[in-house]
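S.K.: Under the UniProt record's numbering, think of the first position of the sequence shown as 1, with each following residue one higher. Shown below is the structure under consideration.
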Amino acid sequence: MVRPLVAEIRRKFDISVAEVDHRDLHRRTVIGVSVVSGDREHVVEVLDAVERLVASHPEVQLLSVRSRYLSSEDL
């Protein structure tokens with residue numbers, strides 16, 4: 001179930017996405033998504049759209065969402 005969802009996110013948004021934690025637990029995983037853009041608003045829009053896509057899958061229960069935004073000043 002996770003691989004098709006990760007592939008769908010990649011295909012629809014052309015962004016980096018991977019299963020990053022809880023790979024060995026049955027029925028639980030953590031998916032990491034990375035978006036790079038010069039426009040913070042665009043990043044927020046893409047991440048919101050990804051969240052809506054994941055939540056739209058009835059077989060998925062979204063337990064939490066965390067976002068972190070980095071700018072060039074943070075590096």
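Where a beta carbon is used, it is the ideal one built from N, C-alpha and C, also for glycine.
Tell me the DSSP secondary structure of Val60 in three-state form.
M.R.: In this structure, Val60 counts as coil in the three-state DSSP scheme.
S.K.: Taking a contact to mean a Cβ-Cβ separation below 9 Å, would you say Ile9 touches Val44 in this structure?
M.R.: no
S.K.: Hey, how far is the Cα of Ser67 from the Cα of Arg27?
M.R.: 22 Å
S.K.: So, are the CB atoms of Val17 and Ser34 less than 9 Å apart?
M.R.: Taking 9 Å as the Cβ cut-off, Val17 and Ser34 qualify as a contacting pair.
S.K.: Under three-state DSSP, which class holds Asp74?
M.R.: helix
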